[in-house]
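In full-length UniProt numbering, the protein residues as written are 1 to 366. For each residue, glycine too, the CB sits at the ideal point set by N, CA and C. Everything numeric in this text was worked out from a predicted model, so none of it was measured. Input: a single structure, listed below in structure tokens.
Now the structure itself:
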């Protein structure tokens, strides 16, 4: 499958600049109004926050695209249960789909493939990002096998125009610019990097994207990589890539500003998208709008409300990663070694142990 040419990458960089500059210009306008009048209403504050969030999202997408373009990725192909992983992604994002009022309809046959787990997980999330941002209807997902040659085929269908306009035959120019946004670029390039063919069709306001996976994993087939090659690839992923968790989202919950700063500093080199909140109520609101990939929280805030939040998130996303920080002495524990499935770490071990701990915990998703 052909990789993007330098000209195509130049177009992507130009698009990245535009998708960052647009929201920041809107934010600057709101800030200038605030500086002039000395006040901002609810609507203005909402617009300012949306603009900053849009620019931040574009920056995160650019970061992930840069990782794909670096040429330093080494894929660790293993047997992956595509159906289970897709269901896990949908469960993790169920709060977001409900908040958007989008129904996700599924028709998924059991399929196993050979693929890099982390990149496959990123592809499925990129698919959902793109579909949810553009749909005016439900999102229909279908996973099946083609008769011959046998391939796994994941299709995603949704209306990219308002349902009231679907009767119109003409497709207005520029009706859905989001279909070709950075989110699409990331989805497309992630698929290509995985060796997956993305086929996109648009007709009368309906978009159909089909992802074809050629490398199925029949029971009798040996793994494509030897044990030695697998360990070498894992070592490269853990140490050779300077931003191993680029694109993953971490939420830090602590009322202690210094602790939040220390936690952020410990993961800064990992390329994660990091958000911070100071209370359990803020964390609940954040998760209601869309789950991050991991929650790093201060043990001092443990109370009934936080326990309820952990239980609710676990119901929606059983493989979600929780890490509890202790201010005093505490040995580092992986979630697999604790009764409640929550990893634990001492504050003084954050700089040296937190990155490795998060690498292990987030690997559970794949």
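Continuous alpha helix (DSSP H) stretch holding residue 94: start and end:
As a working note, residue 94 is residue 94 in the chain shown. From DSSP, the alpha helix (DSSP H) with residue 94 extends over 94 to 100.
How about residue 305 and residue 327: do their beta carbons lie closer than 8 Å?
Translated into positions along the chain shown, residue 305 becomes position 305. Translated into positions along the chain shown, residue 327 becomes position 327. Their beta carbons are not under 8 Å apart, which means residue 305 does not touch residue 327 by this criterion.
Residue of 56, 210, 123 and 114 minimising C-alpha distance to residue 154
Against the chain shown, residue 154 aligns to sequence position 154. Cα-wise, what sits closest to residue 154 is 210.
Specify whether the region 69 to 85 and the region 117 to 125 touch according to this definition: at least 3 beta carbon pairs, one from each stretch, less than 8 Å apart.
In short, these stretches touch, since the Cβ pair count reaches three.
Cβ shell of residue 329 (< 7 Å), same chain only, five flanking positions each side left out:
Your numbering for residue 329 matches position 329 in the chain shown. In its chain, beyond the 5 residues on either side, 346 have a beta carbon closer than 7 Å to the beta carbon of residue 329.
Just verifying my parser: in three-state terms, what is the DSSP assignment at residue 262?
Along the chain shown, one-based indexing puts residue 262 at 262. Residue 262 sits in a helix when the DSSP states are folded into three classes.
In chain order, what residues of the same chain lie with their CB nearer than 8 Å to the CB of residue 289, ignoring the 5 residues before and after it?
Taking the first residue of the chain shown as position 1, residue 289 is located at position 289. Excluding positions up to five away in sequence, the list reads 95, 96 and 99.
Element boundaries [beta strand (DSSP E), containing residue 343]:
Along the chain shown, read from residue 1 onward, the residue named residue 343 stands at position 343. Counted as a single uninterrupted DSSP element, the beta strand (DSSP E) harbouring residue 343 occupies residues 343 to 346.
Cβ-based neighbour list, residue 313, same chain, cut-off 7 Å, excluding 5 preceding and 5 following:
On the chain shown, position 313 is the one that residue 313 refers to. Contacts found: 287, 291 and 320.
Residue 350 versus 322, 262, 202 and 50, residue with shortest Cα-Cα distance
Numbered from its first residue, the chain shown carries residue 350 at position 350. The shortest Cα separation from residue 350 among 322, 262, 202 and 50 belongs to 262.
Helix, strand or coil for residue 31 per DSSP?
The residue labelled residue 31 in the question sits at position 31 within the chain shown. Residue state for residue 31 is assigned as helix, using DSSP reduced to three classes.
Considering only residues of the same chain and omitting the five flanking positions on each side of residue 65, which have a CB-CB separation below 7 Å?
Counted from its first residue, the chain shown places residue 65 at position 65. In its chain, beyond the 5 residues on either side, 12, 185, 186 and 189 have a beta carbon closer than 7 Å to the beta carbon of residue 65.
Can you grab the Cα-Cα spacing for the pair residue 316 / residue 113, in whole Å?
As a first step, residue 316 is located in the chain shown; it is residue number 316 there, counting from the start. As a first step, residue 113 is located in the chain shown; it is residue number 113 there, counting from the start. So the two alpha carbons sit approximately 25 Å from each other.
Taking 8 Å as the cut-off, decide whether the C-beta atoms of residue 89 and residue 132 are in contact.
Counting from one through the chain shown, the residue named residue 89 turns up at place 89. Counting from one through the chain shown, the residue named residue 132 turns up at place 132. Taking a C-beta distance under 8 Å as the contact criterion, residue 89 and residue 132 do not qualify as a contact pair.
Which word fits residue 344, buried or exposed, when buried means at least 16 other C-beta atoms lie within 10 angstroms of its C-beta?
Counting from 1 along the chain shown, the entry for residue 344 is found at position 344. Residue 344 should be labelled buried.
At what residue ranges does the region 270 to 311 contain a whole run of the alpha helix (DSSP H), taking only runs of 4 or more?
280 to 289, all fully within the region 270 to 311.
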